[in-house]
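Residue numbers (our numbering), protein chains in the order written: chain B, 1 to 427; chain X, 1001 to 1427; chain R, 2001 to 2427; chain E, 3001 to 3427.
Beta carbons are placed, not taken as given, at the ideal position from N, Cα and C, and that holds for glycine.
No experiment lies behind these values; they were computed from the predicted model shown.
Okay, so here's the structure we're looking at.
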C-alpha cells in the first residue's frame, strides 16, 4: 500500500471536505490492501470489475471532472488512463470493453497506488484555487467512490468464490448462532398523499430528485427482514420448483441457471443448505440473520409464497423518512461483512444497512426528473429501463452513504449485491 | 376456409354473447383465409407464432376453460392438442417449446378449421346448459381471441417480410400522400389526485384492476402522434448515432442490431428511407402518418431528442378516460392495415387506434392487484418484470377491444407490434 | 403430384440418358408425393433442408448448368429462383441463407412441380440440340439429384422426428425380428501397393479421381457390419460414459449434447433402448440389423471399445473394388427404409447399401486431385477440411448411385445420415 | 525468480539427463522471469493459458508421473494442485475448466516457483533410486515442458496483444530490412515407396510411430517459405475477398471473423499492412521474412491463389529426413522471437525452425498406431479429429525439440501458433 500523497502535506489539510475526501480515499485502499497484483487484476464475470480497475476508475473520476476541468494547466498523469479507466461515459470517449477489464495486466497495482497518491496530492494542493463547482464535483466524486467501495466488496466476494481455491485474504467473521426466533409483525400505515424524493441542500444523486407527491393506499410493512431460516422453509416447501410462485422471466431464469438457493450458499455434509461464502471464506449460515444475495425474481416469488408482496418505493421511503439512516450494520472498515440478526423491539427495524431491500418499483425517473448536462448526466438517467429499485443500503455500504431517498437499482436476475427482502401487504 | 360449425345451426344462435362469439371466430378465419398451409405453418422468430397455431390455440382456450371445465362429459377433440396448443399456462402441463412452433407441420390448417368448427358447434349447442361462470370465461376467451387477431396480423407481417420473396396474399393499401403538415400542439393538464384503473361491471382484464388513486403533477400531452416525417428529421439529425439520446441498454441494442430506422423501413432508389413493408407488400412511406414499429428505446430517444418525454400511464389514462375508445383506426376486417394521418382539429386526437403508444411506465401491478387463481391467473400477472405499458390500441387491434384502462405490454426492444409515440412534458 | 412434362411428349424420349433422367426425376417426386405444402416447407435444423427446396434446387441445377449455359436464348422460368434455390455455389451469386430455408413459404409445392415439369420438357425438347458437354452436365445433374434423393429421405426423417406429433405419411416397415446372431469374422488382407480412385470413362465425381497408388500394411476387415445388439452391449458396458474410449472432441460432444444412444433411438416401457424412429414412425429395434445413425465419434469409440479400429479409405476401397456395387439394400422407391440384418455367408458382406461406413480417413483430395473450373468445381473440393470419408452407400441411397471409389463425407458429429460401422484391425 | 532447488545441491548433478532436465527447467523460468503476478495470471482466450499455469502444469507432470508413481512414500507438495494443474488427462480426475484458468489468482507466482524448486530438488535427490521407466517419463516430461515453452511464448504474445496497453516486458528485436528478394525455386522429387515415421531408440512421441511405408507420386517442394512480401501480393490481389480461393469452412471463418491479414498485423499510417506485433511490441513487417501466424484456411487459399498446393506430411517428411533438424531459427532463450529471411542457396531451406509448416494432411494415427495405456496415452491420440499436421518447428520451438517425424497439430482456424507456408505441387 502506498502513501496517501505523492509529496508533502498540503496546507488545506484541515478543511472538512478535504478531510472527508482523504478518509474515504484511505478506506478504499484499506479494502484492497491485502490483495496481490493478480487478485486485484482478475475479473470473474462481465458484471464485476477487478479491484485495480475500481481503484483507478474512482481516481480518474476526480482527475477528469475536477483537475482536468477545473484546474487550468493540469496535465494528465498518464494519457492512456482515460481509455483504460472510463467506465461508461459516452461523452468521455472510447474505453476498454467492460468484459475485457480482466486483461488490464498493466498498469500494476503499485502504479495505480501512485496514481491515487498523485491525484490526492494535486487535488489537496490546489484546494484554495478550486471553485465551488469543483468542490461540488469533489463531493459527487466522494459519493461515487463510496459506491465503488461497495462494488469492490461485491466483486471480490464473487471473484474469490469463482476462483478454484476459493481462498480469501481476510479472516472469517466471528459467528454467534443466535437462538431466539422473533415472530415478524406488521406495521400498519394509513392511506394518504405523501411526499418522497429529495429536496433541500444536502448532497443527493440526481435521480433522487425532485421531491414529489404520491398517493398511498393503506398498507403494512414487516417490522424486520426475512431471515435465512424462513428462506429455508421456502426451499423446503419446493419454493424453487413451483412455477405458480414465479414471474415468467424468473421461472425461465431459475430453470436455465438451475437456481435452487441464494447465491453463495452450499450444502453441508448433512445434505442441508448450511453454509455460505463471504470475504472470510465458507461459514455456517446464521439462521436468524437476514437472507442475502437473492434476486428480484426470488424476492418476488418468496413474497408470493408468503402471501404477501414486496413494498413499493414510495411505501418504503415514506415509512423510512423519519428514521436514522446512519445507524445499522454498515461498512466501517476492511474485511468480511454480513448482515446481522434482528434483536427484536418495536417498530420498523433493519431499515438501513444489513441488506438492500428489493422494492416492487421499476427504476424510472421521478416525476419532473432531469439528468444533468454532459458526462455527469450519464450517472443514473441512462439506466432507466429494465431494473428495479432497492432501498436502505447494506452491510457493504459505507456508513453514511445512504438516505431514505437513496435509489439503488439492479436487473431482476442480479444477486451478487447484498440484497434481501422485507415483506409488505395491502390494506 | 371452413364452415363455422361442424354440424347444424344451434338453437341459441340469437344470444348476444353467442353472436359476438361467432362474429369474432369468423373474423379470425377471415384473417387467415388466403394463407396456404405452408404460409400458415412457418415461424419467423421465437416471438412470433404461425397463424395455424393462433387459430388452434384460441380454440384450445375455449375448449379447455369452457367445455372441459364446465360441460360434464365433454371429450377432447384430440388428446394431443393440449400439448400442441397450450401457450404458456404452467398449470395446464407440458407444451411445445415456443421456438419450435414452426415444426407443427401437422395438424394441417384444414384440420384446425375442423377443430374450430367443432368447438364452435359444441359451445353453441351447449349454450343453455352453461353456467354464468362459463359465460364469463367465454367473454374472456373472446377478448383473448381478439388479442390473437392482432398477433396474427403482426406475425404474418413479420413472416412475410422475413421470407425470401416477401410476397403477400393481400393487395396493397390505397395510399394517398397527404400534403398538409399540421403543427403539433400541447394540451395542458392540471395537477391533482386522479383515479385510474378499471372498476364496475364490464369486462376488463385482471391487470386493469383495481381502480386506484394517483397524484399527477401538471403536465402536457401532444395533441397528435409523432409522424414519419418527424421521424425522418430525427434520423437526419443523427438520432440513431448520438449516444447522449439513448438509454444504456438501448444504445447497446442499436449497435448490436445495427438499427438505423423503424422496423420494416427500407431505402428507396434515391438513398432515402422511403418505403415500408406491410401486409400489402412494399409501399411508399406516408409522411404524415404516425410512425409505427418503433421500440421503447427508440421512442424514448426520440422524445429526448425532441426536448420532451413519454407520458406515464396515469397521465395518458387520466386524459383518455373521457374519450370514445371505439372510434379511430382499428381492425375491421382482413387485409393490410396502417395508421392514418391526423386530420387536425382541437384536443387530443389519435388516442385510440392507429398505433399503440409507449408510456414511460413499467408494466407492474396496480396497487391492490391480485391475479386470479389457477391457470387463468397466469394471463397477465406473471409478465410483470422488464416490460413497459402501451396504451390505446392500433390499426391492427379489433375495434371495440380496448379501453382507457387497457394495458398492453412489451419489452423495450420489441417493435414488431404496431407501436408509435405521443410526446409529453412536465409543467 | 404433377405431370412429368409441362407440354406434350418430346421426340427424344427413347434416348437412354433421357430415359434415365426421366425415371430419376420421377422418383424424386414420388419420394415427396404424400407431403403437404407445410410438410414440404419446414426446416428442422440448419443442416437439413425442406423437401420443397430439394425439389427446386435439383431443377435449378439442370436449368442453370444445362439450359441457361447450353441452350441459346433460354429464358429462366422465374428470375427469382436462382436466388432461392442456389445451394452454395459462390460463383452463382447471392442466395438464401441455409438456415432460413424454412421461410420459403412461397413458391408453393405446386409451383415447384410446375417448375420441374417445365425444365423436364425444355430439356427433353432440346435434346437433339444439346452438345456433348451439355449431356455430360445432365449426367452430373442426375448423380446430383440422386444425392438429393438421399438427403430428402434423411431430412424428412429428421423433420418428422423433430415435429411435435412425430407423424409420418408412410406406413411402418414390416419388421421380422430375426433370431440368429452370427459371429463376426475377420477377412485378412495382405500388404502391398494398391491402386484406388477412379479412372476410365464412366461417370464419377471429381473427388474420386485420379486413380493413384497407396501402400497398405497387412490388415483385416470385419465380414459384416456392427449390429444393434452389439451396440447395446457397448451401451450396457458404459460405453457412452467412459472418457478413455473417446476422442477429446467427441467426449465434449457427448457431454454437451447428452448423447447416450444412436440418433432416433428411445427407451421402451421396460427402460431398455428398444425403439427407433424412421419414415414409418416408431418401431422396435431389430437387434440383428446394422446399427445406424451414429456419428464418427461414436463409431471410433465403439471400435476402441471392441479392441479394433475403423478401416481407412484405401483399405476399404481396395477390398471392395471387386464387389458388385449395385446389389444390396438400396433405395428403390418411396417409403420407409432401413438396413437389413446380415444373412451370414463367406467373405465381405453388406459392403454396399445398408449403411454408409465411416472410415478413419479425412476427406481430402486424392494425390493429383484438381477441382473443375467454375461453379461446377465447387462441388466437392471446397469441403476438404474437417470431414471424414464414408463408403458404400446406404438403404437411402438410390440403387446404382455408388461405386467402390465413391466418397461421401460428413463432419464427425453428424449422424442424421444413415451411417454405421465396420470394424478393422492391423496385422 | 526463484532458486532452482528448494534445498542443497543433489549428488546426481552430473548425470546428463538430469543436466538436461535442469537446463530446461531453468529456461522455462527465464521465459517468465520479467512477468508480474498479474501478467502471469491473465488468460486472453480459452485456447491460451496463463504463464503461471504453464509453470505449474509442467511441474505437476513430473510430480505426478515420476514422483507420485515411482517414488514410494512421496507426498504431494499441495493436495489441491492436481485439481488446479491437470490439463486434460481424464484418467487423472477433475480439473479446473480450461476457460477458467484466468481465475487462478492463487497460488501466487512465487508459490509456483517454490513448487518448481521443490519438485526439482526431490527429483534430483531421488535420482539414483529412480527406475528406468521413471527416467523414460522424465525424458517425456522434458519434451512435454519444451512444448509448453513454445505455448508460453504463443500465449504471452496473444495476451499482450489483447491487453489494452499492448505493453511487453521485452525489448523489440533488432530489425534489419533485407533488400534482396530471392525467387522461389522448385525442388523436384521422384515417385516411389518411402518410409516415414519414427523407429529406433531415441525419444519420440507415440504419434510419430510406427515407421511405415507410403507411396509418393512425383512432386516438387518450394525451396523456401512464402514471405510477407508475397503475402501482401495475395492481399493486394483480393485474396481475402475471392471465395473461389477458399475452402467452404474457411470462407465462413473469414467472413464471420472479418479476417483480412495474418494475425498480429496492422496497417501503418500509410494505410498499408505494415506492422506486426510480437513479444517486443509493434515493429515494421520484414518483407523478406516468412509469413507467420496464418491459419490452415489462409495457407490453403494462398496456395490455390499461387497455382500450387500444400505439401502432404509424407512428402514433407520424406524430403526432410536427411536434413539437420537442430540448425535453423529456434528458441534459444527468453525474449522476442521471429522467423528470419531466407538467405538464398541451393536445396531446401528453412525446413526446420522459423515457422511451423502447414501440411495438407489431417492429424490421424499412422498405420499401426497405438496410444500408450493410462493417462500418458491421452497425450496425442485423443486429438485425432478435425486437426491438420504441421511440421518442422518454429522460432518459438526450443532448439533440439523437433525431428523430421515430429507431428504438431492445430485446428484449421487457429493461428496464434507460429505457422507459415511452404508450397508444393504435383508432377
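According to DSSP, is residue 2416 of chain R part of a helix, a strand, or is it coil? Looking up residue 2416 of chain R in the third chain gives position 416. Residue 2416 of chain R: coil per DSSP, three-state reduction.
With DSSP as the reference, identify every bridge partner of residue 267 of chain B, one or two as the case may be. Position 267 of the first chain, counted from the first residue, corresponds to residue 267 of chain B. Partner(s): B/273.
Residue 2372 of chain R, DSSP secondary structure in three states: Locating residue 2372 of chain R in the third chain gives position 372, counting from the first residue. Per DSSP, reduced to three states, the secondary structure at residue 2372 of chain R is coil, with no helix or strand assignment.
Assign residue 3413 of chain E to buried or exposed, taking buried as 16 or more other Cβ atoms, counted over all protein chains shown, within 10 Å of its Cβ. Here residue 3413 of chain E is taken as the residue at index 413 of the fourth chain, counted from 1. Classification for residue 3413 of chain E: buried.
Taking the continuous beta strand (DSSP E) assigned at residue 3359 of chain E, which residues delimit it? Mapped onto the fourth chain, residue 3359 of chain E falls at position 359. Element bounds for residue 3359 of chain E: 3356 to 3362.
I'd like to check one pair, residue 1104 of chain X with residue 2164 of chain R: are the Cβ atoms closer than 8 Å? For the purposes of this step, residue 2164 of chain R is taken as the residue at position 164 of the third chain. For the purposes of this step, residue 1104 of chain X is taken as the residue at position 104 of the second chain. Yes, they are a contact pair.
Per DSSP, residue 2390 of chain R forms a beta bridge with which residues? On the third chain, residue 2390 of chain R is found 390 positions in, with the first residue counted as 1. In the DSSP output, where bridge partners are listed per residue, residue 2390 of chain R has R/2358 and R/2408.
Using a beta-carbon distance below 8 Å, is residue 3102 of chain E in contact with chain B? Indexing the fourth chain from 1 puts residue 3102 of chain E at position 102. Closer than 8 Å to some Cβ of chain B, the Cβ of residue 3102 of chain E qualifies, so yes.
Quick check: the Cα distance between residue 1008 of chain X and residue 1040 of chain X, rounded to an integer number of angstroms? In the second chain, residue 1008 of chain X corresponds to position 8, counting from 1. In the second chain, residue 1040 of chain X corresponds to position 40, counting from 1. Near 28 Å, if we compare the C-alpha coordinates of residue 1040 of chain X and residue 1008 of chain X.
Would you say residue 38 of chain B lies against chain E (beta-carbon separation less than 8 Å)? Numbered from 1 along the first chain, position 38 holds the residue referred to as residue 38 of chain B. So, interface residue.
Contact set for residue 222 of chain B: own chain, Cβ-Cβ below 6 Å, skip 5 residues either direction: The sequence position of residue 222 of chain B within the first chain is 222, counting from 1. In chain order, 184, 422 and 423 place their CB closer than 6 Å to the CB of residue 222 of chain B, counting only its own chain and leaving out the 5 sequence neighbours on each side.
Chain E within 8 Å of residue 2404 of chain R, Cβ atoms only: In the third chain, residue 2404 of chain R corresponds to position 404, counting from 1. For residue 2404 of chain R, no CB of chain E lies under 8 Å from its own CB, so it is not counted at the interface with that chain.
Below 8 Å, can you find three or more Cβ-Cβ pairs linking the stretch 3205 to 3218 of chain E to the stretch 3273 to 3284 of chain E? no
Residue 2056 of chain R to residue 259 of chain B span [Cα, whole Å]: On the third chain, residue 2056 of chain R is found 56 positions in, with the first residue counted as 1. On the first chain, residue 259 of chain B is found 259 positions in, with the first residue counted as 1. Distance between the alpha carbons of residue 2056 of chain R and residue 259 of chain B is about 48 Å.
Out of curiosity, what's the CA-to-CA distance linking residue 3263 of chain E and residue 1302 of chain X? By 1-based counting over the fourth chain, the position of residue 3263 of chain E is 263. By 1-based counting over the second chain, the position of residue 1302 of chain X is 302. Taking the straight line joining both Cα atoms gives about 41 Å.
In terms of DSSP beta bridges, what is residue 212 of chain B paired with? Locating residue 212 of chain B in the first chain gives position 212, counting from the first residue. Beta bridge pairing from DSSP links residue 212 of chain B with B/196.
Return the chain-ordered list of same chain residues with a C-beta closer than 8 Å to the C-beta of residue 3326 of chain E, the five sequence neighbours on each side being excluded. Mapped onto the fourth chain, residue 3326 of chain E falls at position 326. Once the five neighbours on either side are set aside, the close Cβ partners of residue 3326 of chain E are 3352, 3399 and 3400.
From the beta carbon of residue 2351 of chain R, is the nearest beta carbon of chain E less than 8 Å away? If you number the third chain from 1, residue 2351 of chain R lands on position 351. With 8 Å as the cut-off, residue 2351 of chain R does not count as an interface residue toward chain E.
Between the C-alpha atoms of residue 3049 of chain E and residue 91 of chain B, what's the straight-line distance to the nearest angstrom? Sequence index remark: in the fourth chain, residue 3049 of chain E carries index 49 (1-based). Sequence index remark: in the first chain, residue 91 of chain B carries index 91 (1-based). Their Cα atoms are separated by approximately 36 Å.
I'd like to check one pair, residue 1036 of chain X with residue 2037 of chain R: are the Cβ atoms closer than 8 Å? In the third chain, the residue the question calls residue 2037 of chain R occupies position 37. In the second chain, the residue the question calls residue 1036 of chain X occupies position 36. Yes, Cβ-Cβ distance for residue 2037 of chain R and residue 1036 of chain X is below 8 Å.
May I ask which residues mark the beginning and end of the alpha helix (DSSP H) holding residue 2138 of chain R? As a working note, residue 2138 of chain R is residue 138 in the third chain. Where residue 2138 of chain R is concerned, the enclosing alpha helix (DSSP H) stretches over 2132 to 2162.
Can you pull the chain E neighbours of residue 2217 of chain R, defined as C-beta to C-beta under 8 Å? Along the third chain, read from residue 1 onward, the residue named residue 2217 of chain R stands at position 217. Against chain E, a Cβ distance below 8 Å from residue 2217 of chain R picks out 3212, 3213, 3367 and 3368.
Looking at the C-beta of residue 1386 of chain X, does it have a partner C-beta in chain B at a distance below 8 Å? Locating residue 1386 of chain X in the second chain gives position 386, where the first residue counts as 1. Contacts with chain B at 8 Å (Cβ-Cβ) include residue 1386 of chain X.
Min CB distance residue 2001 of chain R to chain X below 8 Å: Numbered from its first residue, the third chain carries residue 2001 of chain R at position 1. No answer about residue 2001 of chain R holds up, because its pLDDT of 45 lies below 50 and its placement is not dependable.
From this set, X/1342, X/1062 and X/1029, which residue's C-alpha is nearest residue 1376 of chain X's C-alpha? As a working mapping, residue 1376 of chain X is identified with position 376 in the second chain. Minimum Cα distance to residue 1376 of chain X is reached at X/1062.
Counting contacts by CB-CB distance shorter than 8 Å, is residue 3005 of chain E in contact with chain R? For the purposes of this step, residue 3005 of chain E is taken as residue 5 along the fourth chain, with counting starting at 1. Judged by the 8 Å Cβ criterion, residue 3005 of chain E is not in contact with chain R.
Could you tell me which residues DSSP puts in a beta bridge with residue 399 of chain B? Translated into positions along the first chain, residue 399 of chain B becomes position 399. Paired residues: none, contrary to the question.
Mind checking residue 3046 of chain E: buried by the 16 CB within 10 Å criterion, or exposed? Translated into the one-based positions of the fourth chain, residue 3046 of chain E becomes position 46. The residue in question, residue 3046 of chain E, is exposed, as its Cβ has fewer than 16 Cβ neighbours within 10 Å.
Under 7 Å: does the beta carbon of residue 3039 of chain E sit that close to some heavy atom of the ligand GTP? Ligands are entirely absent from the displayed structure, and the ligand GTP is therefore not among its contents.
Name the residues in the stretch 3229 to 3252 of chain E whose C-beta lies less than 8 Å from a C-beta of chain R; which are they? The residues in question are 3243, 3244, 3246, 3247, 3248, 3249, 3250 and 3251.
Among B/206, B/226 and B/197, which one has its Cα closest to the Cα of residue 212 of chain B? To locate residue 212 of chain B, count along the first chain from 1; it is residue 212. Here the closest residue by C-alpha is B/197.
Anything in chain X within Cβ reach of residue 90 of chain B, meaning under 8 Å, just list it in chain order. The residue you call residue 90 of chain B lines up with position 90 of the first chain. Neighbours of residue 90 of chain B on chain X, chain order: 1243, 1244 and 1251.
In the DSSP assignment, find the beta strand (DSSP E) that holds residue 3219 of chain E and state where it starts and stops. Working through the fourth chain from its first residue, we reach residue 3219 of chain E at position 219. Element bounds for residue 3219 of chain E: 3219 to 3222.
Could you give the residue range of the alpha helix (DSSP H) that holds residue 1116 of chain X? Position 116 of the second chain, counted from the first residue, corresponds to residue 1116 of chain X. From DSSP, the alpha helix (DSSP H) with residue 1116 of chain X extends over 1109 to 1125.
With C-beta atoms as the reference, is residue 3154 of chain E less than 8 Å away from residue 3416 of chain E? Walking along the fourth chain from the start, residue 3154 of chain E turns up at place 154. Walking along the fourth chain from the start, residue 3416 of chain E turns up at place 416. It is a contact, given that the beta carbons lie within the stated cut-off.
If distances are taken between C-alpha atoms only, which option among X/1367, X/1244 and X/1150 comes closest to residue 1030 of chain X? Counted from its first residue, the second chain places residue 1030 of chain X at position 30. Nearest C-alpha to residue 1030 of chain X: X/1150.
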